[in-house]
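K.L.:
Numbering-wise, the sequence shown is residues 1 to 151 according to the working numbering.
Here it is, the structure, as structure tokens.
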Amino acid sequence: MAPSPREIERLLSQKPLHEHVKGDDPGSMLHFGGLEDIFDDNIHIQIPGLDVDIHGVAQLEADEVHPNVPNMTDIIDTSHPVHAPPPHVIGGGDDDHAVIILTSKAMTKSGKPWDHETIALLHFNSSNKIDSIKLYIDTKHVHEHHKAHGI
């Protein structure tokens with residue numbers, strides 16, 4: 001059984017994106033806002049449109065998570081505001097799946113706007129841990145930013 005939608009929203013809001021990017025080392029573009037607190041050690045994270053396939057927390061925490069997932073500060077200009085409205089969560093609770101709609105707006109280092117939306121499909125195991133995440137993103141948008149930043 002999954003946490004309630006409200007609990008999932010609370011976890012996602014523990015480490016807001018606008019604060020996270022201002023930190024000393026914001027890490028990769030994969031930002032989970034606090035959901036990592038309930039990741040199973042063997043979590044499987046996929047971004048099908050970018051051929052990203054991550055197995056386990058250890059790989060997720062590695063310096064280079066995946067060549068198609070750059071460091072956040074390689075693209076986002078942290079001297080400008082970053083805005084991420086509250087997520088919209090569907091499911092969870094009695095269901096072992098939840099869908100999350102995430103959006104973010106920022107300015108990139110190339111001077112172009114970052115106006116991004118992600119749909120995340122989460123699966124919770126019998127220990128109420130997230131064992132699988134599939135992220136569906138606007139790959140055309142991301143590829144354009146990769147190209148503009150030489151990634």
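Note that beta-carbon positions come from the ideal geometry of N, C-alpha and C, so glycine has one too.
All of these numbers come straight from a predicted model, not from anything done at the bench.
(1) In chain order, what residues of the same chain have a beta carbon less than 6 Å from the beta carbon of L102, not counting five sequence neighbours either side?
(2) Can you tell me the Cα-Cα spacing of A120 and P81, whole angstroms?
(3) For L35, tell me which candidate among L122, H116 and D51 has the shortest Cα-Cα distance.
(4) Got a sec? Which residues, its chain only, sit under 7 Å from D37 by beta carbon, not counting five neighbours each side?
(5) What does DSSP give as the partner residues of I133 in its beta bridges?
(6) Report, in whole angstroms, the separation of the C-beta atoms of N125 and D53, which I expect to be a contact under 8 Å.
(7) Using the three-state DSSP reduction, which class does H55 fall into: helix, strand or coil?
(8) Thinking just about the alpha-carbon of each residue, which of E7, G33, S4 and T78 is nearest to the one in Q14?
(9) Among residues of its own chain, excluding the 5 on either side of K105, which ones have a beta-carbon nearer than 6 Å to its beta-carbon?
(10) I'd like to check one pair, D74 with I151: are the Cβ atoms closer than 8 Å?
P.N.:
On the basis of the data shown:
(1) P87 and T118
(2) 24 Å
(3) L122
(4) L11
(5) I45 and L122
(6) 19 Å between Cβ atoms; not a contact.
(7) strand
(8) G33
(9) H83 and D115
(10) yes
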